[in-house]
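Enquirer: Numbering (this note's numbering), first residue to last: 1 to 655. Heads up, the beta-carbon is just placed ideally off N, CA and C, and yes, glycines get one too. Please read these numbers as outputs of a predicted model, since none were measured by experiment.
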């Protein structure tokens with residue numbers, strides 16, 4: 001049946017938080033610094049220690065008594081009659097349930113994390129400190145209120161893994177748990193969203209939220225709702241899948257709420273635009289006539305291509321090569337630019353792959369994972385398909401879109417956690433009103449960070465890197481090499497195999513084997529070459545014998561645009577206080593250097609890179625480029641949020 005107004009109101013979506021600029025933004029930032037002081041770290045430590053000690057006493061409770069306490073605390077949360085002392089006692093009970101289900105109790109630092117998230121803070125906990133169980137206990141406390149609780153993970157693999165691992169703890173606490181992954185059908189999504197706690201990625205949550213908004217538009221239109229009902233034997237096919245937005249606990253908050261926040265998620269439908277498809281194909285008949293640097297310039301830094309005056313002249317001479325409707329200068333330039341972007345900027349093995357069915361599958365540049373079902377717009381998808389000589393798909397038409405940073409501002413209760421929140425505290429408060437608190441280390445990081453190696457060219461860097469792998473492999477230590485693209489990972493694997501060295505590749509092409517590859521990555525003599533897939537959330541286990549050899553050795557082939565991404569890779573070793581080491585290899589031809597410095601300056605450095613002083617200066621310039629990129633990205637996110645907010649205000653009368 002059609003959703004009535006009364007039923008619709010059950011799905012409450014709060015009003016978006018206000019956005020500030022100018023002096024208001026500075027005052028708001030000051031408010032955030034004051035608010036942060038309301039939860040003093042010393043107080044959290046004191047309370048967490050008390051809960052930790054109280055949890056030890058619960059060992060004497062019978063299963064029946066413990067279950068009765070769980071029932072009582074859940075009832076108090078549901079009724080909203082909970083006091084701070086009740087919260088503390090409830091956490092102590094959950095700790096005991098955790099011990100009886102898994103054989104271990106959360107440490108005081110994990111309890112501090114739970115308290116921080118209960119007060120809607122973003123908490124920094126270093127890799128290996130146990131964020132999974134921290135999020136689980138926070139999810140239990142939130143779900144006991146009877147409202148939807150979403151735990152946001154960085155990929156589908158972690159969403160399904162964590163929901164499965166923690167299911168017995170949730171069930172013992174009288175809650176249900178589910179997960180949403182990209183391959184799920186609508187009916188399965190709806191059933192999983194009915195669970196008390198739902199694990200999913202930000203992409204899946206936002207996509208379902210936007211699809212629900214489209215459903216709402218249909219439901220609120222009397223004509224559409226009546227037609228739908230009459231054409232389906234009195235039953236409406238228009239139903240929401242989500243129960244609303246109330247609590248979100250965001251794992252890897254720096255990635256989700258900062259690094260990926262600007263990216264808009266678009267819900268689109270395939271349209272019928274044969275004319276565009278014909279025009280794209282026509283461009284490839286003469287595209288090779290346009291020469292790089294003569295007819296067009298490639299701006300890798302901005303992912304742009306610009307025609308030169310010679311390029312404009314040549315394009316006008318080819319007027320009759322275009323379909324009649326595309327012969328205006330602006331339209332010809334548009335088609336040519338899209339085709340040149342496909343040729344020069346969007347590369348196979350880096351930005352996308354061609355699957356076994358001859359379809360383009362995009363690669364997430366942040367995580368290195370495939371994004372099936374996603375496509376580029378404005379004719380770029382068709383341009384890439386034409387470049388690869390594939391069958392062209394119909395262009396898509398945008399139905400609705402939203403950025404991730406706007407989406408998470410709709411949650412009533414938002415908290416997060418990550419091992420790398422440094423340098424984004426102001427941004428998290430300005431955008432989400434989310435203060436940051438730093439949980440102290442339980443175990444000190446023990447990995448040995450080796451001196452950085454920098455070379456003048458990519459080939460020289462590769463030679464040094466391969467020699468490092470050979471030397472460490474002789475010690476039988478496991479090695480994890482972090483690369484930036486599918487192509488780079490496969491190129492390195494070929495070089496090693498040519499030298500008779502066995503290795504395993506983990507990238508978007510082998511994501512189905514992730515469990516198996518990670519399970520052997522810590523074994524003696526293993527060499528794993530990975531893209532960003534083996535970054536956040538990946539736990540490579542080593543035994544005592546491997547630790548005696550020196551532990552896991554991590555090699556980074558570049559610095560990322562954000563230092564936080566580098567730290568996540570380094571954090572794959574020396575977990576739980578184990579030994580390990582990290583070595584970084586750089587070159588003046590790396591993407592970060594080419595984006596921030598001109599070729600003449602880089603050539604000047606290359607000629608002098610053999611001196612110790614110039615190597616030191618080059619490393620400083622590399623790190624400065626990273627800082628510069630971080631600041632630029634942060635500024636763009638704040639500016640885009642203000643533009644989104646202002647635009648939403650201007651068109652609000654339409655609704």
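1. Anyone know if the C-beta pair for residue 246 and residue 88 falls short of 8 angstroms?
2. What are the residues that DSSP puts in a beta bridge with residue 515?
3. Taking only the alpha-carbon atoms, compute the straight-line gap between residue 612 and residue 619 and give it to the nearest angstrom.
4. At 3 residues or longer, and completely inside the region 333 to 407: list those beta strand (DSSP E) runs for me, N to C.
5. Any chance you could list the alpha helix (DSSP H) runs of at least 4 consecutive residues sitting entirely within the region 405 to 448, in chain order?
6. Please determine if the region 249 to 256 and the region 271 to 286 are in contact, where contact requires at least 3 C-beta pairs separated by less than 8 angstroms.
7. Can you round the beta-carbon distance between residue 207 and residue 265 to whole angstroms, since I take them to be within the 8 angstroms contact cut?
8. In the region 139 to 200, which residue ranges form an unbroken beta strand (DSSP E) of at least 3 residues, counting only runs that do not cross its ends?
9. What's the call for residue 402, buried or exposed, on a 16-neighbour Cβ count within 10 Å?
10. How about residue 405 and residue 395: are their beta carbons less than 8 angstroms apart?
11. Decide yes or no for the touch test of the region 456 to 471 against the region 496 to 509: beta carbon pairs closer than 8 angstroms, at least 3 of them.
12. Any idea what DSSP makes of residue 733, helix, strand or coil?
13. Buried or exposed: where does residue 104 fall if 16 or more other Cβ atoms within 10 Å of its Cβ makes it buried?
14. What do you reckon, are the CB atoms on residue 446 and residue 577 nearer than 8 angstroms?
15. Near residue 635, what residues of its chain come up, given a Cβ to Cβ distance below 7 angstroms and the 5 sequence neighbours on each side ignored?
16. Under 8 angstroms, with one C-beta from each stretch per pair, do the region 122 to 130 and the region 144 to 163 reach the 3-pair mark?
17. Quick check on the DSSP output: the alpha helix (DSSP H) that includes residue 591 runs from which residue to which?
18. Go ahead and label residue 291 buried or exposed: buried means 16 or more other beta carbons lie within 10 angstroms of its beta carbon, across all protein chains shown.
19. State the start and end residues of the unbroken beta strand (DSSP E) segment that holds residue 554.
20. Where does residue 241 fall in DSSP's three states?
21. Determine whether the beta carbon atoms of residue 522 and residue 477 lie at a separation below 8 angstroms.
22. Please classify residue 288: does DSSP put it in a helix, a strand, or coil?
23. With hydrogens ignored, establish whether the beta-carbon of residue 202 is closer than 7 angstroms to any heavy atom of the ligand FMN.
24. I'd like to confirm the pairing. Which residues does DSSP put opposite residue 124 in its beta bridges?
25. Count the other C-beta atoms from every protein chain shown that fall within 10 angstroms of the C-beta of residue 377, then say buried if there are 16 or more, exposed otherwise.
26. To the nearest angstrom, how far is it from the Cα of residue 54 to the Cα of residue 474?
27. So, residue 504 versus residue 486, is the Cβ gap smaller than 8 angstroms?
28. Considering only DSSP beta bridges, list what residue 665 is partnered with.
29. How many Å lie between residue 614 and residue 589 at the Cα?
30. Considering only residues of the same chain and omitting the five flanking positions on each side of residue 162, which have a CB-CB separation below 7 angstroms?
31. Do residue 558 and residue 602 have their beta-carbon atoms positioned less than 8 angstroms apart in this structure?
32. For residue 450, which of helix, strand or coil comes out of DSSP?
33. Going straight from the alpha carbon of residue 97 to that of residue 173, what length do you get?
34. At what residue ranges does the region 58 to 114 contain a whole run of the alpha helix (DSSP H), taking only runs of 4 or more?
35. Can you have a look at residue 165 and say buried or exposed, based on whether 16 or more other CB atoms are within 10 angstroms of its CB?
36. Is residue 504 helix, strand or coil when you go by DSSP?
Expert: This is what the structure holds:
1. no
2. BP columns for residue 515 are empty, so no partner.
3. 11 angstroms
4. 352 to 354, 360 to 363, 396 to 403
5. 425 to 432
6. no
7. 6 angstroms
8. 149 to 153, 177 to 179
9. buried
10. no
11. yes
12. An answer regarding residue 733 cannot be provided, because it is not within the stretch 1 to 655 covered by the chain.
13. exposed
14. yes
15. none
16. no
17. 591 to 596
18. exposed
19. 552 to 556
20. coil
21. no
22. helix
23. With respect to small molecules bound, the structure shown includes none, and the ligand FMN cannot be examined in it.
24. 418, 438
25. exposed
26. 50 angstroms
27. no
28. The displayed coordinates of the chain run from 1 to 655. Any statement about residue 665 would go beyond what the structure contains.
29. 15 angstroms
30. 132, 153, 199
31. no
32. coil
33. 8 angstroms
34. 63 to 79, 84 to 102
35. exposed
36. strand
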